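With this note's numbering, the residue at position 22 of the sequence shown is 28, and numbering never jumps.
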Amino acid sequence: MQSIAVNGILLPIDPGVFVTSESRGTIIDSGTTLAYLPPEAYEPFISAITSMVSQSAAPFVSKSMQCYVVNTSSSSITYIFPTVVLNFAGGASLALRPLDYLFRMSYLESNEVWCNGFQKHELGITILGDLVLKDRIIVYDLAHQRIGWVDYDCSTSVYVSVTSGKDEFTNAGQLSVNCSPCNAFHYMPVWILMTGFLFL
């Protein structure tokens, strides 16, 4: 990862925070539930979102999570919270709608409590977990040392063709390698993932 934009505004985060090194890097891990940012990225990220929603949501911290009390009877969270874009090497970007980085924690009288699924990672590693990967098809292209994704409604079915030449179905759907969403894959170098795993 190289940078983060909130509502189209690039956050003032030193790019060195995301550079892969012996103690830093980005891990894409569908086995991790939430997402984690180094403190130098987490603070401006949370601050930007909180300042943009201050008219519609009351912020508070619960168990080290940034949460918001929202009266959703007046507006949906998709209109209250901004879009977040994670930018990667090679021009790839991952756009996160509010439901891609927030989760509903509870109800409070006539309001809802939504919490940001990004947490602070004190060791300086960025981890993108299932929260931001859901409703995407992820491709691990080891031959070309890259990772790719495309938005996809995962509640629908996926058509899969395996190397045996025989067609297989997952939930009896119809997504083939020639589908138009698949041509919109966003790729980033996979070495970030491979290097990041060395530090766990």
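Ideal Cβ placement from N, Cα and C applies to all residues, glycine included. Predicted model only: the values in this text are computed from it and were never measured.
Strictly by DSSP, which residues pair up with residue i?
i, result
"E118", "V76, Y113"
"V67", "Q72"
"G31", "I131"
"F87", "Bridge partners of F87: none, in fact."
"F124", "A41"
"R103", "Paired residues: none, contrary to the question."
Quick one: Cα of residue i to Cα of residue j, how far?
i, j, result
"I144", "T132", "18 Å"
"L139", "Y74", "22 Å"
"S68", "H150", "42 Å"
"P45", "H127", "6 Å"
"N13", "V90", "6 Å"
"N93", "M7", "6 Å"
"D20", "T84", "29 Å"
"Y113", "W120", "9 Å"
"S53", "Q72", "10 Å"
"A47", "R103", "19 Å"
Let's test the definition: count the other Cβ atoms within 10 Å of the Cβ of residue i and tell me whether it reaches 16, buried, or not, exposed.
i, result
"A178", "Note that A178 has pLDDT 36, beneath the 50 cutoff, so the model's placement of it is unreliable and the number below is only indicative. By the 10 Å Cβ count, A178 comes out exposed."
"R110", "exposed"
"F51", "buried"
"F66", "exposed"
"V25", "exposed"
"C160", "exposed"
"I33", "buried"
"P18", "exposed"
"D147", "exposed"
"G123", "buried"
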